[in-house]
Amino acid sequence: MIKLIRFLNPYRLVLVLILVLAIGQSAANLYLPNLMADIVNKGIASFDTNYIWKTGGIMLIIAVGGTLCAVVGIYFSSQVAVGMVSSIRASIFKKVQHFSLHEFDTVSTASLITRTTNDTTQIQQVMVMILNMLLTAPITLVVGIIMALKQDVGLSWVLMVIIPILIVVIIILLFKAVPLFTVMQVKLDKLNLILGENLTGVRVVRAFNRIKHEEKRFDEANYDVTDTAIKVNQLMASMMPVMMLMINLSSVAIIWFGSNRVNAGTLQMGAMFAFLQYSMQILFSLLLVAMMFVMIPRAEASAKRINEVLDMQPEIMDADTVKETAKLRGLVEFKDVTFWYLGAEKPALSNITFTASPGKVTAIIGSTGAGKSTLVSLIPRFYDVQTGKLLVDGVETREMSQEHLRKKIGFVPQKAVLFTGTINENIRYGKEDATEDEIKHAADVAQASEFIAQMKDGFNSVISQGGTNVSGGQMQRLSIARALVRKPEIYIFDDTFSALDFKTDAKLRAALKGETYNSTVLIVAQRVSTVIDADQIIVLDGGKIEGMGTHAELMKSCDVYKGIVSSQLSAAEIEEEHI
Amino acid sequence: MSTENKIKKDSTNQGSMGGGPMGRGGWGAMGRPVEKAKDFKGSLKRLLSYFLPEKTRLSIVVTAAVLGTIFNIVGPKILGLATTKLFNGLIAKFMMLAKNQAISKALAQNPALPLQLLPVPGIEFGYIGKVILILLALYIISAIFIFIQQYLMAGVAQRTIYKLRKEVDEKLSRLPLKYFDGRTHGEILSRAVNDVDNISSTLQQSITQLITSAVSLVGVLIMMLSISWELSLIVLVTLPMSMFVVTGIAKRSQEYFRRQQRSLGDLNGHVEEAYTGHKIVKAFGHEGRAISQFDKLNEAFCDAGWKAQYVSGIIMPLMRFVGNIGYVFVAVVGGIMATQNAISLGDVQAFIQYSSQFTQPITMLANITNVIQSAMASAERVFELLDEEEQVPEAKDAHINKDPQGAVEFQHVRFGYSKENILMEDMNIQVKPGQMIAIVGPTGAGKTTLVNLLMRFYEVDGGKILVDGIDITKLKRGDLRRIFGMVLQDTWLFHGTIRDNIAYGREDADEAEIIQASTAAYADNFIRTLPEGYNMVLNEEATNISQGQKQLLTIARAFLADPEILILDEATSSVDTRTELLIQKAMNELMKGRTNFVIAHRLSTIREADLILVMKHGTIIEKGTHMGLLKQKGFYADLYNSQFQGHIQKEAEKQKA
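Chains Y and B supply the protein sequences, listed in that same order. Each residue of the first sequence is one higher than the last, beginning at 1 in my numbering. Each residue of the second sequence is one higher than the last, beginning at 1001 in my numbering.
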């Protein structure tokens, strides 16, 4: 939390103003009882009606002043609190935009989203709370103590006794309650987990006749939650009456001891009431300060997560002087590349050497975890290689600017990602100045025109967030169109075709041929039928190249490839193949 | 001079602290948009019916709340007695002292005067002491009552919620699959979790708050009137002013909060998209665009946000201001009345305390109304769930299929997910025990429809489905489903040990049977290499084992269940080759001697099937054997040819060469 304070820097002057206003507000709060005391001491005691009226007038002015201070203070503090958190959020977002996939892997996308949205909102709530409401508490505490001492030092021992007791009581209760709240949350999470499992697995639960079993499991967790919830609330039940009693006792004590001092003539009647008033304000400010200590740890967890993101150094940054590429268009060369994921025991790729040239299709096949996707993510420099060289058009990728490198590439990921917006906008994402014809053509090639035409608004149909109104295969085709419209030098299809049914897959690949003949094409695939026609097939296994060549060559030379083929095609088909 | 008013405030509102003439009231939900219940009365009545078993405790809670509040309310009046005594005593003392002073002055000038110093009356500390003791007793009693009330309420509220949750869970298990398929899990969870939580916290706090606020309101009014109707009038005049502040500003505030919520939604949506699509943003070099769009949305949110905070933030100081105006006028008028001896000083002091206690329950009540409104809206949604139509009840004298064989027959089956969209019309299929049926079709062709009908997750709209000659609606669902086994691609595993996950297949399975099943499923080997073997706990997302391993576990589960009829999903696209081979072997083992419905992707499986069902858009469009369907030259033939088109082309080229 403290580390985030720096985001308040631009508001330093305003903060001073807010502080002054808060002091004004507290002073007004504390001055009203003082005037009331005057009414009692001087007005009523001496039957001075004029004095009472006059003092009443001053009280009104003070009340107006206090309210003005509060309203203006909140005007500024709301802006500061929300503005500060907005700039925190913006810093996170900008930072994350420059993260490489490495950072996304370490923190996880879901967690990054939570940190940018929920965690900042949490901080905002606490900041608003602190600036709008709690800021006056410590001020009131201090000013109140000073005023109380000024009224009567002799009575202040009551405060000296009651304040520490109150603090101890608060601390004890917090120490008991906070762990219980944590346990409660854990148990509630468990209950919700069971419920969630029952929803996703509803078919399995019913198929295996385990409804009774699941009901029992839920009931146990439910009972557990209830048990803890009762304990927590019973503990909290003692909190309020105890606090109230403490405060009531101190007021009674002040009246009793005060009366004695009044009788002895060392204390004025009105001063006693003023003292009483101050004590109450002091004690309540104390409770508010205690609340601050409850709030801040809650925000602390969020602040910690935010700081983690802000402190991360993106692994990939542009070199100070960047090189442009020469003429060759799309030549990709891997030279003895070895790559480790952060903290991994074994390299994900080792000693990869191959060349993918323009006009040729290079397919990469292998089992899950063989390193296929990793291999292609190195080309747009989502990750940096540790040893060996990766060159595009003769220049090492880390010597180019990321922008220059990625302009050359049309990337189609394994899982299609679309953005909220129309279909047109989504395809245009690949090339901002694309003409309508170019967009139409890209959709044609990607086999998307047919379903786009069936949609109500055609190319202007809106894709909802997460693409829930189009099917997986349709999303994938739009994502292909987006890459096509770019007319890139290098195409990367990262297992793009498995989301399509066989028929569309075949049609699409046939249509692609007419588009990509000038470019370097890299296809990652699981299906043999997808790679069978490639100019060059790279067989990956355990991060190593097990074989390279055409289908026919590999059928002769590469056992791993043969294994893959036989698992997918029946014996008869393989035999057919060999005829 | 107000003292206990602050304390009072806290007794009625746990959430916020404060009070006094310039103190802080509890606002909470005030000024934020509130969701309203459609049928407030009905839902309230129904919710209250859940309290019936807690009647006794609840009435103790109510009594304790009333008594605790009353004892607290009397406090200032009694304290006033002490101050009046003190003040009067003091005045009398000073008057006497003043008289004595005059006497001694006169005596000093003329000692011959027949004057004597008068006895100076002392302040009656005995009386004040008694009052203080009574006060102490009152405060302690009040604290005890409030403790009792809160303590008991914890149990009452939580037990009620326990019951409600249980009822929701049991209801969910009686709902037809249609209910689950028709809405997102988030939607159902939000009712079962968020709404129930909302009701829970309302029950815990607001009910007692409602009682104490109402009692305070009436009690304070009575006390005020008993002291002075003139002063009461002043306080009552400020009432419409507070109402004006509450309603006027709260309305504007709600509007700003709605705007804030909307812009937050937009902002979060953008963040989510930009992060999940990070690879694409990067690959296409659009980081700058994402940032500028973010800045725009962030600014809009910031703008709506601070305004919402500001407007809702000033409600409190303004309310306090209204309170202070009353306070000042009471002080002035009360003071003047005191000088005319129309009212005692203690009464003025007590009245000031009461007057500041008066606005508090009003704002509290307005606040609680909002909270209760939203809780009722939640209750309504929960009740809606509880009132959903349940699945068709079990047949009365259910048949028992003692020796299941695995024959399946569809007779004139008519089915559709909705009346307008009938997927099957007069479907007839006959499957003999031990046969294999391949289901093929493009992704999203609705292959689950078949599962839904066979397992009676859905009811047919017409015709009959027979298993071993018995209409499945004549069987108990449990008995029907015991005949079936499912190995689907979306493996369902729960947070628990591997052993428990396999044992899910059959309740009474012993250790040996579990190991036997996992051995048969080729899962035993990998399980033994795991850190704790069969005792390893799968994490919540079951991400600590691979996709392929998960599938092996579900196969083991099916082995253990040993059903007569199997429904398998062959797709293994996200599994590595070696595991895929294992899965294939295990599936083949599992399929032996059973009737199998296979959602097939491999050509070899399809070719060997006794019957192929070709599905598209949820409908069976063709059925027959491989050769028969090829001859039909329909959709299947098309599918088959395109699937291996490249392959066949190659053949042609080779032959040419």
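For glycine and all other residues, C-beta sits at the position ideal for the given N, C-alpha and C. Everything numeric in this text was worked out from a predicted model, so none of it was measured.
Chain-ordered chain Y contacts of residue i [CB-CB under 8 Å]
i: E1287 of chain B; result: Q97, H98
Where residue i meets chain Y, residues with beta-carbon distance less than 9 Å
i: M1455 of chain B; result: R203, R206, A207
i: K1474 of chain B; result: Ordered by position in chain Y, no residue passes the 9 Å Cβ test against K1474 of chain B, which lies about 18 Å from the chain.
i: M1486 of chain B; result: R203, V204, A207, F208
Beta-carbon contacts of residue i that lie in its chain and below 8 Å, excluding the five residues immediately before and after
i: L1221 of chain B; result: S1232, F1358
i: V183 of chain Y; result: T228
i: M1587 of chain B; result: V1487, I1555, L1568, E1570
Residue i: contacting residues in chain Y (beta-carbon distance under 7 Å)
i: A1290 of chain B; result: Q97
i: A1283 of chain B; result: P380, R406, I409, F411
i: F1087 of chain B; result: M269
i: W1492 of chain B; result: T200, G201, V204
i: L1233 of chain B; result: Those do not exist, as L1233 of chain B stays about 17 Å from chain Y at its closest Cβ, beyond 7 Å.
Buried or exposed by the 16-neighbour rule on C-beta atoms within 10 Å, applied to residue i
i: T353 of chain Y; result: exposed
i: G56 of chain Y; result: buried
i: K981 of chain B; result: Within the shown structure, residues of chain B are numbered from 1001 to 1657, placing residue 981 of chain B beyond reach of any answer.
i: G458 of chain Y; result: exposed
i: A1029 of chain B; result: For A1029 of chain B, the predicted structure reports a pLDDT of 47, less than 50, and the residue's modelled location is therefore unreliable. A value from the coordinates is still provided. A1029 of chain B is buried by the Cβ-count criterion.
i: V1237 of chain B; result: exposed
i: V1311 of chain B; result: buried
i: N248 of chain Y; result: buried
i: V153 of chain Y; result: exposed
i: V232 of chain Y; result: buried
i: M36 of chain Y; result: buried
i: A1098 of chain B; result: exposed
i: D1490 of chain B; result: exposed
i: D320 of chain Y; result: exposed
i: I1325 of chain B; result: buried
i: N460 of chain Y; result: exposed
Nonlocal neighbours in the same chain, by C-beta distance under 7 Å from residue i, ignoring five residues either side
i: T1202 of chain B; result: V1371, I1372, A1375
i: N518 of chain Y; result: P358, G359
Proximal residues to residue i (C-beta, below 6 Å), its chain only, five neighbours per side dropped
i: E333 of chain Y; result: T355, L391
i: T582 of chain Y; result: There is no way to answer for residue 582 of chain Y, as the model of chain Y reaches only from 1 to 579.
i: D1610 of chain B; result: Q1435, M1436
i: T1012 of chain B; result: Any answer about T1012 of chain B is weak, because its pLDDT of 30 lies below 50 and its placement is not dependable; what the coordinates show is given next. Cβ within range, chain order: Q1209, T1212, S1213, M1364.
i: Y1275 of chain B; result: none
Three-state secondary structure (DSSP) of residue i
i: K1550 of chain B; result: helix
i: M1022 of chain B; result: Low per-residue confidence applies at M1022 of chain B: pLDDT is 32, beneath 50, and the placement is therefore not dependable, though the value from the model is reported in the following sentence. Correct three-state label for M1022 of chain B: coil.
i: L554 of chain Y; result: helix
i: H1399 of chain B; result: strand
i: Q1411 of chain B; result: strand
i: E197 of chain Y; result: helix
i: Y1327 of chain B; result: helix
i: Q447 of chain Y; result: coil
i: D1471 of chain B; result: strand
i: M1436 of chain B; result: strand
i: W1027 of chain B; result: Because the pLDDT of W1027 of chain B is 41, which lies under 50, any placement of that residue in the model is unreliable, and the number read from its coordinates should be weighed accordingly. In the structure shown, W1027 of chain B sits in coil (DSSP, three-state: anything other than H, G, I, E or B).
i: T1056 of chain B; result: helix
i: K323 of chain Y; result: coil
Under 7 Å by beta carbon: chain B residues contacting residue i
i: Q234 of chain Y; result: Y1151, A1154
i: S78 of chain Y; result: W1306, Q1309, Y1310, G1313
Presumed contact (8 Å Cβ cut-off) between residue i and residue j, rounded CB distance
i: A483 of chain Y; j: G371 of chain Y; result: In fact, because the Cβ distance is near 22 Å, the residues do not count as touching under 8 Å.
i: M1455 of chain B; j: R1482 of chain B; result: Wrong, their Cβ atoms sit about 11 Å apart, outside the cutoff.
Chain-ordered chain B contacts of residue i [CB-CB under 8 Å]
i: G43 of chain Y; result: G1335, T1339
i: S259 of chain Y; result: A1082, L1086, I1123, F1125, I1128
Chain B residues whose Cβ lies nearer than 9 Å to that of residue i
i: F354 of chain Y; result: Going along chain B, no residue has its Cβ under 9 Å from F354 of chain Y, so there is no contact; the nearest lies around 21 Å.
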